[in-house]
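Residue numbers (this note's numbering): 7 to 145. All C-beta atoms in this analysis are idealised placements derived from N, C-alpha and C, irrespective of residue type, glycine included. Computed from a predicted model, the values in this text were never measured in an experiment. Structure first, then comments.
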Amino acid sequence: MLGPFFAVSTSLASDDDHSVVVIEQNFRQPPEIVFDYFVVPLMLEEWNSPAEITLIEPGEDPREPYGFGAVRRVKAPILGTFDENIVQFQRPHLISYYFDKSRIARNTWGSVNLIPQEDRWTHVKWTIEYQSQIGRAHV
């Protein structure tokens with residue numbers, strides 16, 4: 007199980023239809039452990055409930071089925087169902103994804119950066135950029 011974690015900060019910047027959300031957290035585990043909690047669907051669901059995530063197309067490298075080129079189907083209460091494409095994958099430090107449309111967002115790019123810290127902790131910076139389908143986002 008992932009944790010405990012400590013929220014460092016969350017921020018939101020928005021103009022008429024473009025928003026950027028940045029979530030930063032510290033975890034007491036090293037990046038080699040934390041990384042899979044952002045990659046493997048069952049592990050991601052464990053701490054990111056109530057989303058359901060299913061691998062529908064494996065990545066290009068058979069040793070990394072959730073890696074570059076993989077497609078994950080995400081079912082989330084607010085966002086609806088959408089297919090997320092893994093566009094960057096550098097174990098254990100970076101995973102980036104893209105999806106074109108959900109119930110409330112389009113042209114969404116996400117990037118999860120895992121930065122090793124002292125005492126084998128991990129600092130995670132998760133950046134999500136999207137265009138709103140329902141108007142301007144509010145903090």
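Contact the stretch 108-119 vs the stretch 81-97: 3+ CB pairs below 8 Å | yes
For proline 68, does the count of other Cβ atoms within 10 angstroms reach 16, so buried, or fall short, so exposed?
-> exposed
Classification of leucine 120 by the beta-carbon crowding that lies within 10 angstroms, buried from 16 upward | buried
Can you say whether leucine 50 is buried or exposed, counting buried as having 16 or more other CB atoms within 10 angstroms of its CB?
-> buried
To the nearest angstrom, how far is it from the Cα of phenylalanine 88 to the Cα of glutamate 135?
-> 16 Å
Cβ-Cβ separation, glycine 73 to glycine 65 (assumed contact under 8 Å), whole Å = 4 Å
Which residue's Cα is closest to the Cα of proline 71: Pro56, Phe95, Ala57 and Glu58?
-> Phe95
Looking only at C-alpha atoms, which of Leu100, Asp125, Trp115 and Thr114 sits nearest to phenylalanine 151?
-> Missing from the structure shown is residue 151; the chain here goes from 7 to 145 and no further.
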